[in-house]
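Just below is one structure, and these are the notes that go with it.
In our numbering, the protein residues as written are 16 to 228.
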């Protein structure tokens with residue numbers, strides 16, 4: 016399935032600084048590519064973000080709101096998607112991999128959208144943005160690569176770059192221009208397989224529909 020072009024009416028142009036913020040993605044343990052955990056394998060929810068299909072984060076679901084709000088507030092131009100692989104391929108297991116990125120071109124406060132969706136579905140789980148003033152969604156071009164082509168982020172590299180913290184799901188850091196460019200150049204030298212990500216999550220959606228049907 017190809018990417019879907021959403022209606023961008025109501026979205027605001029975004030001017031960010033040349034920095035990149037790291038955002039952790041819960042990824043599938045069984046897929047051949049590090050797609051989001053669509054099937055709740057990690058018991059963190061049935062995830063729809065990042066939404067490769069629409070080139071958005073936060074528009075299709077109310078998830079990880081605080082972190083996305085913080086990224087927008089800090090004016091980062093890029094989101095770097097990282098994960099600690101816990102799947103079947105022992106070569107990549109337990110490595111922290113930056114497997115994709117997104118350039119933020121537009122933003123929109125979608126809190127009303129998610130609250131209305133929740134109100135229209137009695138008994139559904141209360142969205143994260145329910146008690147929040149804003150819920151920023153972001154839109155822009157994305158690129159995702161394979162496990163083998165991902166940028167490995169290590170504690171040693173963070174130390175070398177003069178950055179605090181460890182390469183873990185709790186790591187929330189901003190890469191300044193030179194460090195960001197190193198990561199982007201590396202990923203840009205690799206094959207874009209976003210279409211394979213989309214095909215994989217579409218298979219997951221079909222599997223979920225069959226289970227619910």
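Beta carbons are placed, not taken as given, at the ideal position from N, Cα and C, and that holds for glycine.
Counted within 10 angstroms of its Cβ, other Cβ atoms place residue i as buried (16 or more) or exposed
| i | result |
| --- | --- |
| residue 49 | buried |
| residue 65 | buried |
| residue 151 | buried |
| residue 51 | buried |
According to DSSP, residues forming a beta bridge with residue i
| i | result |
| --- | --- |
| residue 113 | 97 and 166 |
| residue 39 | 97 |
| residue 51 | 42 |
| residue 189 | 36 |
Extent of the continuous beta strand (DSSP E) to which residue i belongs
| i | result |
| --- | --- |
| residue 81 | Note, residue 81: premise wrong, no beta strand (DSSP E); alpha helix (DSSP H) at 80-88. |
| residue 153 | 151-154 |
| residue 121 | 121-124 |
Residue i, DSSP secondary structure in three states
| i | result |
| --- | --- |
| residue 134 | helix |
| residue 30 | coil |
| residue 157 | strand |
| residue 174 | helix |
| residue 67 | coil |
| residue 18 | coil |
| residue 107 | coil |
Cβ neighbours of residue i in the same chain (closer than 6 Å, five flanking residues each side left out)
| i | result |
| --- | --- |
| residue 106 | none |
| residue 19 | 68 and 69 |
| residue 75 | 63 and 66 |
Close-in-space but distant-in-sequence residues of the same chain around residue i (CB under 8 Å, 5 per side omitted)
| i | result |
| --- | --- |
| residue 120 | 28, 29, 154, 155 and 156 |
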